[in-house]
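First comes the structure, then the notes that go with it.
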Amino acid sequence: MQVQEPQLSSKQSIANHFKTGVLIVNLGTPDSPSTPDVRKYLREFLMDGRVIDFPFVFRWMLVNLIIAPFRSPKSAKVYQELWTDRGSPLKFYGEDVERMLQAQLGTEYDVKLAMRYQNPSMDAGLEAFRKAGYKKIIVVPFFPQYASATTGSVYEKTMEIVKNWQIIPEISFVNTFYDHPKFVQFFTEAAQQYMAKHEYDYFMFSYHGLPERQIRKGDCTGNTCKLGSCCDTIHAMNQYCYRAQCHETTRLLAKSLGLKEGDYMTTFQSRLGKDPWIQPYTDATIKEMVAKGKKKILVFSPAFVADCLETTIEIGEEYKELFEELGGEHWQLVESLNNSPLWVDLLEDLIKKA
Numbered sequence: 202m203q204v205q206e207p208q209l210s211s212k213q214s215i216a217n218h219f220k221t222g223v224l225i226v227n228l229g230t231p232d233s234p235s236t237p238d239v240r241k242y243l244r245e246f247l248m249d250g251r252v253i254d255f256p257f258v259f260r261w262m263l264v265n266l267i268i269a270p271f272r273s274p275k276s277a278k279v280y281q282e283l284w285t286d287r288g289s290p291l292k293f294y295g296e297d298v299e300r301m302l303q304a305q306l307g308t309e310y311d312v313k314l315a316m317r318y319q320n321p322s323m324d325a326g327l328e329a330f331r332k333a334g335y336k337k338i339i340v341v342p343f344f345p346q347y348a349s350a351t352t353g354s355v356y357e358k359t360m361e362i363v364k365n366w367q368i369i370p371e372i373s374f375v376n377t378f379y380d381h382p383k384f385v386q387f388f389t390e391a392a393q394q395y396m397a398k399h400e401y402d403y404f405m406f407s408y409h410g411l412p413e414r415q416i417r418k419g420d421c422t423g424n425t426c427k428l429g430s431c432c433d434t435i436h437a438m439n440q441y442c443y444r445a446q447c448h449e450t451t452r453l454l455a456k457s458l459g460l461k462e463g464d465y466m467t468t469f470q471s472r473l474g475k476d477p478w479i480q481p482y483t484d485a486t487i488k489e490m491v492a493k494g495k496k497k498i499l500v501f502s503p504a505f506v507a508d509c510l511e512t513t514i515e516i517g518e519e520y521k522e523l524f525e526e527l528g529g530e531h532w533q534l535v536e537s538l539n540n541s542p543l544w545v546d547l548l549e550d551l552i553k554k555a
């Protein structure tokens, strides 16, 4: 046995040299719905300079002296409502996808789930790949549309982790998949199941919002971004614009579902603070649509791959309550990709092309 152990280790090392590590990364979730864990999560999340793009001192005071202390107890109550026997949906759907994707990709790949904030950490996942001596690493941020605060932050964190490695293997990043045929197919088929049961008079595509300043900062030309008709098509100068990509996702889904112009709208939710965020706002649009007689609305959240606080609670409960209080009759949220086999197929496509 003492003679065989080094031989097995050597064989494993040689095999690992030709393996590819795949790090699938979602935003993150508290370790528990308790106030201390929620506070810890919010501090890490909001102290990211790509999320709140203020100078460090101002950001530190805002997060640690105002947002985290006062928002944590309220957020903890919402997380308690979201939590299930399996824990946070964002995390356990990720764990399901990790297992399913590993089985689908086979032994040439090693798939690990990570969160940009909290656990399982990106540091732990990438360190495991480093110790295994893998030939290549593919990082897959779980954000359909590119934003500096999401995909950009995952890229930056990856490079921060590996910058001091003595040997840095080939590293590839998946950038976006907002226009991937299987992404469009999933939401089309999910929506059609609801449309077969009910007749809807309006369709809303609600994306997570961003401050307008962050959209403008992403304009490399300095004069393309007008936060308006400049997002009517995707072209070379706005190909990485979050707002433009969201509008393109809506157009693709509307076309796939056969929706008519005027029967749907792209909106943005979850704004924070007093600075202007990209518009139109989802809650304001709900009020406008009900006033126009739209009483049956099917709503999508194509910026999220897993149902979470922003979909299940914000759209599924809070916006529904607002809609019904205003006189709306039927509000239905189309579920996210979660642990769908089609989502795993999409990921396999992205990884094989990386």
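Heads up: the sequence shown at position 109 corresponds to 310 in the numbering used here, and the numbers run straight through without jumps. Note that CB positions come from ideal geometry on N, CA and C, so glycine has one too. From a predicted model like this one, the values you see are computed outputs, not experimental measurements.
Beta-carbon spacing of residue i, residue j below 8 Å
i, j, result
"G295", "L314", "yes"
"Y318", "G229", "yes"
"S497", "E357", "Looking at the sequence shown, residue 497 is not Ser but Lys. No, they are not a contact pair."
"R472", "G410", "yes"
"H523", "D484", "Reading off the sequence, residue 523 comes out as Leu, not His. Contact flag set, yes."
"Y335", "P370", "yes"
"C442", "I416", "yes"
"I362", "M323", "yes"
Neighbourhood of residue i by C-beta distance below 6 Å, restricted to the same chain and skipping five residues each side
i, result
"L224", "K313, A315, G326 and V340"
"M202", "Residue placement at M202 cannot be trusted, given a pLDDT of 42 that sits under 50; what the coordinates show is reported in the next sentence. There are no such residues."
"V204", "Residue placement at V204 is flagged as unreliable, the pLDDT there being 39, under the threshold of 50; the coordinate-derived value follows with that caveat. Nothing listed; no residue qualifies."
"T351", "F344"
Sequence-distant residues of the same chain with beta carbon closer than 8 Å to residue i, five excluded per side
i, result
"D476", "P412, E413 and R414"
"K456", "none"
"P542", "M301"
"I514", "V279, E282 and L283"
"S373", "K337, I338, I339, V340 and A555"
Extent of the continuous alpha helix (DSSP H) run through residue i
i, result
"L534", "No alpha helix (DSSP H) contains L534, which is instead part of the beta strand (DSSP E) from H531 to L534."
"D546", "P542 to K554"
"M466", "Looking at the DSSP string, M466 is not in any alpha helix (DSSP H); the run it does join, the beta strand (DSSP E), is Y465 to Q470."
"I498", "I498 -> not in any alpha helix (DSSP H); beta strand (DSSP E) instead, spanning K497 to F501."
"M248", "Segment: none, M248 is in no alpha helix (DSSP H) and carries neither H nor E."
"A492", "T483 to A492"
"W261", "F257 to M262"
"Y356", "S354 to V363"
Start and end residues, beta strand (DSSP E) containing residue i
i, result
"K337", "K337 to P342"
"G222", "T221 to G229"
"L314", "Y310 to Y318"
"M405", "Y403 to H409"
7 Å Cβ shell around residue i - same chain, five flanking residues per side excluded
i, result
"Y395", "L499, Q533 and V535"
"N539", "Y294, A507 and D508"
"E206", "Summary for E206: the model assigns pLDDT 39, below 50, so the residue's position carries little reliability; its value from the coordinates is reported in the next sentence. Hits under 7 Å: none found."
"L291", "N227, T230, A507 and C509"
"P321", "L314 and A315"
"F388", "L454, F501, P503 and V535"
"F505", "E511, T512 and S537"
According to DSSP, residues forming a beta bridge with residue i
i, result
"I372", "I338"
"T285", "G288"
"P382", "BP columns for P382 are empty, so no partner."
"W478", "P412"
"S322", "M316"
Hey, which unbroken runs of the alpha helix (DSSP H) at 4 residues or more fall wholly within the stretch 419-473? 443-458
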